[in-house]
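Q: Mind having a look at this structure? Questions to follow.
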Amino acid sequence: MPNSVTKPMRKAVVAVLSSTIALAGCVHELGSKDEESRWVELFDGHSLEGWTQVNGLAPYSVEGDAIRGTNIFDTPNSFLATNDAYSDFVLEFESRSIGDANSGVQFRTDLAPGTWSGVIGYQLDIDPTARRWTGGIYHEGAHVWRHSMARNPDCQAAYKYGAWNRYRIEAVGPVMATWVNDVACAHMVGDHHAAGVIALQIHDIGQEEKYRGSFTEWRKIRVLENPDPSDLWQHQRAGLIEGWLDDTVSEIERDYGWYPIDFADGAENIEMGPIGIEVVVDVQLDDTADGYLGYALSSEDSDCVGRYKIYNDDSAGEGIPKTEMMGSFPGEYAATNLSEPGRPKRAYGTERWNRIRIVATADRIQHWLNSVKVVEYRACDGVSDAESLKHIRLDLVAVHGEIKTRSAKIRSLKKYAQRRR
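Okay, so the sequence shown: first residue is 6 according to the working numbering, each after it adds one.
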């Protein structure tokens with residue numbers, strides 16, 4: 006195959022998302038009798054009526070005023086699902102985890118009999134481990150983190166180990182947001198699933214003894230369908246937007262400073278404001294893909310130049326240096342998982358999309374790969390301060406094979422900082 010960079014990229018058209026329009030000057034407090042009557046309790050407090058187990062053998066039972074799911078050996082992920090499906094809603098519940106086993110709550114989820122998970126859809130993750138990604142959105146069945154909490158330390162700190170924690174999910178149109186103990190966590194735009202069941206997850210633990218007998222409990226589970234704009238916590242959502250609309254920058258992403266870029270000729274030269282920039286692009290690699298995304302930050306007196314390696318690690322042979330693998334700075338810094346201690350980096354091979362993220366400021370560069378930070382280094386020593394940064398040049402180069410791109414976008418960190426004040 007000739008060297009190429011193929012780009013099924015079109016100039017992004019802003020999607021006007023009716024669900025993202027700010028309609029209220031302040032958060033509407035629920036509580037009146039009329040408002041309370043609109044909520045539906047999904048758990049009656051004493052039985053599993055209205056719920057069905059759809060995968061796995063982990064047992065679910067009613068203990069006191071809560072539903073309990075218990076981790077056991079040698080069973081795939083287990084789910085207790087509502088019999089009804091939900092589209093636009095607000096979901097609130099309380100949960101606690103005893104032990105370190107991961108769990109979660111599915112929403113807008115479809116049943117997928119015959120697969121390992123048995124379901125496919127969005128999941129609010131409940132993560133009692135040291136990673137602390139509780140409140141993030143994982144795409145169960147697709148095996149992709151849509152919005153991890155690796156860049157949201159406030160949310161990571163909100164979770165209380167071993168205690169009852171309060172959760173809230175808002176899903177209206179393509180916009181989803183989550184909270185843990187009233188702290189904003191995930192904020193996402195995506196259109197993979199418009200409706201589906203709600204399900205309580207007990208995670209597969211294989212034969213790991215440390216997780217056996219761990220359990221997760223849920224109580225006070227209630228849903229408000231088809232919420233009014235005034236029901237939503239629109240002004241309390243997290244400022245870190247994760248957008249998953251193909252080749253489209255949504256209205257709400259633009260509001261937080263994102264705009265599309267197009268590698269039509271393999272390069273982009275962009276004027277940038279002070280503080281720094283953040284670049285996101287999804288790439289898909291063939292078996293022989295080998296290239297890089299080059300970046301050069303320019304100031305009045307110097308340039309800061311780096312490269313983000315793009316490589317299909319699945320095809321790596323013996324003797325390939327770690328600094329030549331996916332996400333690395335070639336010849337300088339090897340990509341390792343800095344966000345999930347003890348775990349390998351998340352690099353996807355042929356026919357899967359990888360999300361590249363570069364965060365660049367006057368003195369520090371970060372490489373991110375599929376929701377985890379893989380490289381961080383001090384750079385731009387010749388740049389006196391962030392205010393002197395003027396431009397960034399991006400060069401997408403395929404040395405061998407084919408690299409497809411989609412959904413490329415960029416934002417100024419200064420505009421984001423101003424938006425969050």
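Quick reminder that beta carbons are idealized off the backbone N, C-alpha and C, glycines included.
(1) What is the DSSP secondary structure of glutamate 41, reduced to helix, strand or coil?
(2) Any idea if asparagine 274 is buried or exposed, counting beta-carbon neighbours within 10 angstroms, 16 or more meaning buried?
(3) What would DSSP say about arginine 227, mapped onto helix, strand or coil?
(4) Report all residues from its chain with a CB closer than 7 Å to the CB of alanine 29; omit the five preceding and five following residues, and keep chain order.
(5) Would you please state the rounded distance, in angstroms, between the beta carbons of glutamate 381 and arginine 362? I believe it to be under 8 Å.
(6) Would you tell me roughly how many angstroms separate the C-alpha atoms of aspartate 295 and asparagine 359, rounded to the nearest one?
(7) Tell me the rounded alpha-carbon separation between valine 194 and tryptophan 249.
(8) Taking buried to mean at least 16 other C-beta atoms within 10 Å of its own C-beta, is valine 19 buried or exposed?
(9) In its own chain, which residues sit with a C-beta less than 7 Å from the C-beta of aspartate 319, not counting the 5 before and 5 after it?
(10) Taking DSSP as the reference, what is the three-state secondary structure of arginine 312?
(11) So what's leucine 418 in DSSP terms, helix, strand or just coil?
(12) Between the segment 136 to 145 and the segment 56 to 67, do three or more beta carbon pairs fall short of 8 Å?
(13) Considering only their Cβ atoms, is the gap separating isoleucine 131 from glycine 146 smaller than 7 Å?
(14) Under the rule that 16 or more other beta-carbon atoms within 10 Å means buried, what is glutamine 212, buried or exposed?
(15) Do you know how far the Cα of histidine 51 is from the Cα of glycine 167?
(16) The alpha helix (DSSP H) that contains arginine 242, what's its start and end?
(17) Which residues share a DSSP beta bridge with isoleucine 361?
(18) Rounded to the nearest angstrom, what separates proline 346 and aspartate 105 at their Cα positions?
A: In terms of the structure at hand:
(1) To locate residue 41, count along the sequence shown from 1; it is residue 36. Glutamate 41 falls in the helix class under three-state DSSP.
(2) Here residue 274 is taken as the residue at index 269 of the sequence shown, counted from 1. Exposed, because fewer than 16 other Cβ atoms sit within 10 Å of the Cβ of asparagine 274.
(3) Position 222 of the sequence shown, counted from the first residue, corresponds to residue 227. Arginine 227 carries a strand assignment under DSSP once its states are collapsed to helix, strand and coil.
(4) As a first step, residue 29 must be located in the sequence shown, where it is residue number 24. Residue placement at alanine 29 cannot be trusted, given a pLDDT of 35 that sits under 50; what the coordinates show is reported in the next sentence. Within the same chain, alanine 29 has close Cβ partners Pro234, Ser235 and Gln239.
(5) Here residue 381 corresponds to residue number 376 of the sequence shown, with the count starting at 1. Here residue 362 corresponds to residue number 357 of the sequence shown, with the count starting at 1. Not quite, the Cβ-Cβ distance comes to about 12 Å (not below 8 Å), so this is no contact.
(6) Walking along the sequence shown from the start, residue 295 turns up at place 290. Walking along the sequence shown from the start, residue 359 turns up at place 354. Cα to Cα, the separation comes out at about 14 Å.
(7) Along the sequence shown, read from residue 1 onward, the residue named residue 194 stands at position 189. Along the sequence shown, read from residue 1 onward, the residue named residue 249 stands at position 244. Cα to Cα, the separation comes out at about 6 Å.
(8) Position 14 of the sequence shown, counting from 1, holds the residue named residue 19. Because the pLDDT of valine 19 is 29, which lies under 50, any placement of that residue in the model is unreliable, and the question is left without a value.
(9) Locating residue 319 in the sequence shown gives position 314, where the first residue counts as 1. Cβ within range, chain order: Gly354 and Thr355.
(10) Here residue 312 corresponds to residue number 307 of the sequence shown, with the count starting at 1. Arginine 312 falls in the strand class under three-state DSSP.
(11) Stepping through the sequence shown from its first residue, residue 418 is reached at position 413. DSSP places leucine 418 in helix when its eight states are reduced to three.
(12) Taking 8 Å as the limit for Cβ pairs, the verdict is that the segment 56 to 67 does not touch the segment 136 to 145.
(13) Here the question's residue 146 lines up with position 141 in the sequence shown. Here the question's residue 131 lines up with position 126 in the sequence shown. Against a cut-off of 7 Å, the Cβ pair of isoleucine 131 and glycine 146 comes out as no contact.
(14) Position 207 of the sequence shown holds residue 212. Counting other Cβ atoms within 10 Å of its Cβ, glutamine 212 stays below 16 and is therefore classed as exposed.
(15) If you number the sequence shown from 1, residue 167 lands on position 162. If you number the sequence shown from 1, residue 51 lands on position 46. Spanning the two alpha carbons is a distance of roughly 23 Å.
(16) Locating residue 242 in the sequence shown gives position 237, where the first residue counts as 1. No alpha helix (DSSP H) contains arginine 242, which DSSP labels as neither H nor E.
(17) Locating residue 361 in the sequence shown gives position 356, where the first residue counts as 1. Paired residues: Val286 and Leu374.
(18) Translated into the one-based positions of the sequence shown, residue 346 becomes position 341. Translated into the one-based positions of the sequence shown, residue 105 becomes position 100. When rounded, the distance between both Cα atoms is 15 Å.
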